[in-house]
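Quick notes on the structure that follows.
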Amino acid sequence: MTSSAYDCFEVPPKVVKLASERMVFPLSLMHANRYASKHVVLIGDAAHTVHPLDGQGVNMGFGDALSLSKVIAESVVVGSDIGEVSLPRRYESERKSANLTMMAILDGFQKAYSVDFGPLNVLRAAAFHGAQYISPLKRNIIVYASGEHRFPLFS
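Going by UniProt numbering, the first residue of the sequence shown is number 1, and it counts up by one from there.
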């Protein structure tokens, strides 16, 4: 007798009714003018919010946390006060450009996919198909979107 991973779990109950009416949340983009001042740093959704598209908001937040942790670690090694404005500003200068770029890309995707226009639909489908089947392009898009590499997009 063979068993699968599914045999270890019960089937969840069937949904028979909604607990409330469907809710709609407006898509929005927001970005702080400054991420850092003396003894205060904004990261993640406190610094920027994006449309809930492919989890990029959380990836941007992870990038912020990684960048800030590097700045803090470097300042601790040399004995600097991590609250001095020059150190958090290093984080800000690194992350602000990366976040604004990703926000522009996400906003462009949202706008491109919110329009139903024949020629644009064909162009979108061709671009998506090309990105799916051109391996170097696909790999670079994935690396960029995951936050592993920021600039340049195509190296």
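Ideal placement from N, C-alpha and C gives every residue a C-beta, glycine not left out.
Being a predicted model, the structure only gives us computed values, none of them experimental.
Residues that residue i bridges to, as DSSP identifies them
i     : result
Met30 : Thr49
Ala36 : Val41
The alpha helix (DSSP H) enclosing residue i, as first and last residue numbers
i      : result
Asp64  : 56-78
Met103 : 86-113
Ala126 : 118-133
Exposure of residue i, with buried meaning 16 or more beta-carbon neighbours within 10 Å
i           : result
Val15       : exposed
Arg95       : buried
residue 157 : Lying before the first or after the last residue shown, residue 157 is absent from the chain, which here runs from 1 to 155.
Ser155      : At Ser155, the pLDDT of 42 sits below 50, so the modelled position is not reliable and the matter cannot be decided from this model.
Ile142      : exposed
Ala47       : buried
Tyr91       : buried
Val50       : buried
Tyr144      : buried
Leu106      : buried
Asn33       : exposed
Pro119      : exposed
Tyr35       : buried
Pro152      : Only weak support is given to the placement of Pro152: the predicted model assigns it a pLDDT of 45, under 50, and the value that follows is read from those uncertain coordinates. The residue in question, Pro152, is exposed, as its Cβ has fewer than 16 Cβ neighbours within 10 Å.
Leu87       : buried
Ile43       : buried
Met23       : exposed
Gly83       : exposed
**Request:** Would you be able to state if there are at least three C-beta pairs under 8 Å between the segment 64-80 and the segment 27-34?
**Result:** Touching, no, given that fewer than three Cβ pairs across the two stretches are closer than 8 Å.
**Prompt:** So, do the segment 72-83 and the segment 108-128 have three or more beta carbon pairs nearer to each other than 8 Å?
**Reply:** They do not touch, by the three-pair rule.
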